Amino acid sequence: MSKKDHIHEVLLQYAPLMARIAATHEADQALREDLLQDISLAVWHSVENFRGDSSMKTFIAKVAHNRAVDHVLKETRRQDRHNLSDPLLDLVSTDSHQHSDNTYDLMTAMRRLPLKFRQVISLQLEGFNQAEIAHTLGINEANVAKRASRARVQLQKLMEQ
Amino acid sequence: MDPLLEQWQKDYKNATPKLDTAALLSQITSARKKQSIKAWFDLVAGTFVSLFCIYALIFEATSTPEQVLYAILTPLPIGFSIWAFLKRKKLIKSNILDVNALLLFKKQQLINQINYWRLNLIGCSILWAALCITAAVSVLMYNHSTIWLTQICIGTLVLIATLARYLHLKLNFKKKLTLIENLK
């Protein structure tokens, strides 16, 4: 298998994971698609640097979260330049309709969480363990546990609203 | 895993946006090709301009000041191309940083950016002052006013643009830093 084919296979295999991470960080569809493209491109560039010190899935999640944080920084600055109120909230929650569907509620609530909590809970829901989450975020496991428990409480509160 | 988390996990997986993977693959293949062409174009253009400067230095320059000017100009385009190439590499490498390391990288980038523009402003001010002194001497001694006036006008515009960029960055520096800190 050629290098290009291998990268294509990796991208196809992990596209749903990357799409979910993009959706957790961006509600606007056009911006989300841009973010997904940015993540995919970053994964393509980075796969060559994969040394196998974690699973491929963890590696992809790390790159995806890296790009998502960069996106949040850029979008917050952009919204700030246009003097929009509460840019972080606007950025992460541009959905205008309230659905009764559980999935919609979960995603809406997740986008309202502070970034550090959102990252931990989204990785947890992807099925990563504490060590893998710690590796992705660059924090220690105790910190992951603390953030996860706070994230859970906040998410529950948001979903009950 | 407790039932609530299990339910959330199911909902989260169900929330996967619809994907056209073939289109995505074609888009990023094309984006990557464009990036690659741009990188090569930058490098080739920089090399070409530097080679032209060498040609001008050897075959076109007729006086020592012209030779000195071309000698100074020669390494700049290729140097800029190499700098852009290395910067691109560094940015690609930053994609594999964990979130915490990325935020530290962004913070350092912000500090470097403001230092870069501060140095740029100082350099531009010195060059502008030197240009004004040279112009004054030239106008007073040789009465070559038009060419010097044009150069001072261009230099002043560059200085104003540099000053504006620096002040803009300085004004927003704290806000940007706070934003990075808040994401940690």
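Here the protein sequences line up with chains A and B, keeping their order.
Here the numbering used here is used: position 147 in the first sequence is 147, and no number is missing along the way.
Here the numbering used here is used: position 170 in the second sequence is 170, and no number is missing along the way.
The C-beta atom is built at its ideal place from N, Cα and C for all residues, glycine as well.
From a predicted model like this one, the values you see are computed outputs, not experimental measurements.
Between residue i and the rest of its own chain, which residues show a CB-CB distance below 7 Å, the 5 nearest in sequence each way excluded?
i: residue 154/A; result: 113, 117
i: residue 103/B; result: 180, 183, 184
i: residue 121/B; result: 162, 163, 166
i: residue 7/A; result: 44, 47
i: residue 73/B; result: 53
i: residue 70/B; result: 53, 56, 57, 61
i: residue 147/A; result: 116, 117, 120
i: residue 108/B; result: none
i: residue 91/A; result: At residue 91/A, the pLDDT of 42 sits below 50, so the modelled position is not reliable; the number obtained from the coordinates is stated separately. These residues qualify, in order along the chain: 72, 75, 76, 79.
i: residue 80/B; result: 46
i: residue 150/A; result: 117
Taking the Cβ atom as the reference point for each residue, do residue i and residue j lie within a distance shorter than 9 Å?
i: residue 152/A; j: residue 133/A; result: no
i: residue 32/B; j: residue 41/A; result: yes
i: residue 75/B; j: residue 47/B; result: no
i: residue 61/A; j: residue 36/A; result: no
i: residue 117/B; j: residue 169/B; result: yes
i: residue 17/A; j: residue 64/A; result: yes
i: residue 149/B; j: residue 130/B; result: no
i: residue 139/A; j: residue 100/B; result: yes
i: residue 24/B; j: residue 22/A; result: no
i: residue 93/B; j: residue 143/A; result: no
i: residue 152/B; j: residue 132/B; result: yes
Looking only at its chain, what residues have a beta carbon closer than 8 Å to the beta carbon of residue i, apart from the 5 residues adjacent to it on each side?
i: residue 24/A; result: 68, 107, 110, 111, 118, 122
i: residue 110/B; result: 173, 176, 177, 180
i: residue 97/B; result: 105
i: residue 17/B; result: none
i: residue 131/A; result: 141
i: residue 140/B; result: none
i: residue 10/A; result: 43, 47, 56, 60
i: residue 145/A; result: 130
i: residue 67/B; result: 57, 61
i: residue 90/B; result: none
i: residue 54/A; result: 62, 132, 135
i: residue 1/A; result: 9
Taking its Cβ as the centre, do 16 or more other Cβ atoms sit within 10 Å of residue i, making it buried, or is it exposed?
i: residue 52/A; result: exposed
i: residue 185/B; result: With chain B covering only 1 through 184, there is no way to say anything about residue 185/B.
i: residue 160/A; result: exposed
i: residue 126/A; result: buried
i: residue 20/B; result: exposed
i: residue 5/A; result: exposed
i: residue 4/B; result: exposed
i: residue 191/B; result: Outside the modelled stretch of chain B, which goes from 1 to 184, sits residue 191/B, for which no answer is possible.
i: residue 146/B; result: exposed
i: residue 70/A; result: buried
i: residue 62/B; result: exposed
i: residue 58/A; result: buried
i: residue 6/B; result: exposed
i: residue 142/B; result: exposed
i: residue 126/B; result: exposed
i: residue 124/A; result: buried
i: residue 37/B; result: exposed
i: residue 85/A; result: Confidence in residue 85/A is poor, its pLDDT being 45 and thus under 50, which makes the residue's placement too unreliable to answer from.
i: residue 97/A; result: For residue 97/A, the predicted model reports a pLDDT of 43, less than 50, meaning its position is unreliable and no value from the coordinates is stated.
Within the same chain, show all residues whose beta-carbon is closer than 6 Å to that of residue i, passing over the 5 residues directly before and after it, in chain order.
i: residue 178/B; result: none
i: residue 128/B; result: 155, 159
i: residue 38/A; result: 67
i: residue 50/B; result: 74, 77, 78
i: residue 144/B; result: 138
Threshold first: 3 residues or longer. Then list the beta strand (DSSP E) segments lying entirely within the region 25-65 of chain B, N to C.
Taken in chain order, the complete beta strand (DSSP E) segments of 3 or more residues contained in the region 25-65 of chain B number zero; there are none.
Continuous alpha helix (DSSP H) assignments of at least 4 residues falling wholly in the region 67-117 of chain B
Within the region 67-117 of chain B, the complete alpha helix (DSSP H) runs of at least 4 residues are 75-94.
Inspect the CB distances between the region 33-44 of chain B and the region 83-95 of chain B and report whether three or more fall short of 8 Å.
Look at the beta carbons and you see the region 33-44 of chain B touching the region 83-95 of chain B: at least three pairs across the two are nearer than 8 Å.
Whether or not the region 55-62 of chain B and the region 16-30 of chain A are in contact is what I'm after, with contact meaning three or more pairs of Cβ atoms, one per stretch, closer than 8 Å; do they touch?
No, the region 16-30 of chain A is not in contact with the region 55-62 of chain B.
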